[in-house]
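**Student:** Just so you know, the sequences run in chain order A and B.
For the first sequence, this note's numbering gives the first residue as 23, with consecutive numbering after it.
For the second sequence, this note's numbering gives the first residue as 199, with consecutive numbering after it.
Glycine included, C-beta positions come from ideal geometry on N, C-alpha and C.
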Amino acid sequence: MEVYKLDATITRDGKIILPGTFKRMFNHRVEVILKRKDEKVPKKALAIPSFLCGGKLADFDRAELYEDRF
Amino acid sequence: MKTGSEVFIDTNILVYSTLEDFDREKYLECRQALNQFQENDFSLNISTQVLREFYGVVTGKKYLKTPLEPDAAKNQLIYFMSVFNVIEISHEVILKLIKLIDKYKIIGQKIHDATIAATMLNSNIDTLLSYNRRDFVVFDEIKIVEPTEVLNFIHF
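Okay, here's the thing in structure tokens:
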């Protein structure tokens with residue numbers, strides 16, 4: 023998911039006016055986090071799913087991953 | 199103290215942080231390092247290349263005794279795409295890569311590390327979280343931070 027940080031204005035009737043350059047993103051769903059500019063909202067800790075693989079057979083390096091292609 | 203900066207996450211970090219028994223020590227180090235960056239408001243970036251490489255490692259028989267099932271690996275890709283900013287290998291990245299090829303005389307399979315470097319530099323990211331210091335130390339523009347060094351990196 024692309025993340026954009028931008029300045030926007032909330033109107034009296036509750037609409038959020040985005041800068042014109044974002045018009046091309048119409049119909050995109052967005053998550054709005056409201057905070058004061060100087061306020062820090064702590065991010066949630068990552069909860070990366072983990073898996074068992076029975077152990078390591080070999081170390082890997084990037085170059086090896088591509089060797090089989092040719 | 200650095201906060202709110204950008205960091206690029208290398209493939210090995212995603213692999214170690216996913217596989218609990220691939221290397222237990224690195225599994226714990228990687229998960230802690232990612233959360234240290236997260237708690238300090240760093241933007242965590244990966245690329246489409248990193249996602250492909252992750253899938254290649256965790257579903258292949260070369261490195262793991264019991265590779266992940268495609269569905270599990272696929273779901274993990276989706277999870278990573280939901281929590282990290284994913285940078286595409288665009289035309290602009292390739293133009294940056296061509297500059298790096300000239301500057302560092304890149305040949306052979308080194309092109310894949312250089313693509314990571316080009317992806318980062320094209321997005322103005324200069325910090326790489328990786329265990330792969332040896333392969334990136336050549337790039338003057340990039341700082342390599344290993345998982346055990348994250349706290350020190352953030353605070354100094």
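Residues of the region 35-55 of chain A with a CB closer than 7 Å to any CB of chain B: list them in chain order, please.
**Tutor:** none
**Student:** Does any residue of chain A bring its CB to less than 9 Å from the CB of GLU204 (chain B)?
**Tutor:** No, because no Cβ of chain A sits closer than 9 Å to the Cβ of GLU204 (chain B).
**Student:** Identify which residue in B:PHE252, B:ASN283, B:ASN322 has its Cα closest to the Cα of SER241 (chain B).
**Tutor:** B:ASN283
**Student:** Taking only three categories from DSSP, how would you classify LYS259 (chain B)?
**Tutor:** coil
**Student:** Expressed to the nearest angstrom, what Euclidean distance is found between the alpha-carbon atoms of ASP338 (chain B) and LEU319 (chain B)?
**Tutor:** 11 Å
**Student:** Would you call PRO268 (chain B) buried or exposed, if buried means 16 or more other Cβ atoms sit within 10 Å of its Cβ?
**Tutor:** exposed
**Student:** Output yes or no for whether 9 Å exceeds the beta carbon distance between ALA231 (chain B) and ILE211 (chain B).
**Tutor:** yes
**Student:** Give the range of the alpha helix (DSSP H) segment to which PHE82 (chain A) is assigned.
**Tutor:** Premise fails: PHE82 (chain A) is in no alpha helix (DSSP H) and is neither H nor E.
**Student:** Find out if the Cβ-Cβ distance for the pair GLN236 (chain B), VAL256 (chain B) is shorter than 9 Å.
**Tutor:** Judged by beta-carbon spacing, VAL256 (chain B) lies beyond the 9 Å limit of GLN236 (chain B), meaning their Cβ atoms are not closer than that value.
**Student:** Would you say ASP324 (chain B) and LYS308 (chain B) are within 9 Å of each other, going by their C-beta atoms?
**Tutor:** no
**Student:** Taking only runs that begin and end inside the region 253-325 of chain B, name each unbroken beta strand (DSSP E) of 3 or more residues, in chain order.
**Tutor:** 283-285
**Student:** Could one say the Cβ of SER314 (chain B) lies closer than 9 Å to chain A's Cβ atoms, at least one of them?
**Tutor:** Ser is not the amino acid found at residue 314 (chain B); the sequence shown has Ile there. It does; some Cβ of chain A falls within 9 Å.
**Student:** Under a three-way DSSP split, which group does VAL336 (chain B) fall into?
**Tutor:** Coil, per DSSP.
**Student:** Scan the region 247-262 of chain B for residues whose Cβ lies nearer than 7 Å to a Cβ of chain A and list them as they occur along the chain.
**Tutor:** When C-beta distances to chain A are compared with 7 Å, the residues of the region 247-262 of chain B below that value are GLU251, GLY254, VAL255, LYS260, TYR261, LEU262, in chain order.
**Student:** Rounding to the nearest angstrom, what Cα-Cα distance links LYS49 (chain A) and ILE314 (chain B) in this structure?
**Tutor:** According to the sequence shown, residue 49 (chain A) is Asn rather than Lys. Straight across, the Cα-Cα distance linking ASN49 (chain A) with ILE314 (chain B) is about 32 Å.
**Student:** I'd like to know if the region 68-75 of chain A and the region 206-222 of chain B are in contact, where contact means that at least 3 CB-CB pairs between them fall below 8 Å.
**Tutor:** yes
**Student:** Based on the DSSP secondary-structure assignment, which residues constitute the bridge partners of ILE38 (chain A)?
**Tutor:** A:ILE32
**Student:** Name the two residues that bound the continuous alpha helix (DSSP H) containing SER245 (chain B).
**Tutor:** Per DSSP, SER245 (chain B) belongs to no alpha helix (DSSP H); it is in the beta strand (DSSP E), 241-245.
**Student:** What does LYS65 (chain A) reach in chain B if we use C-beta pairs closer than 8 Å?
**Tutor:** Correct list: GLN236, GLU237, ASP239.
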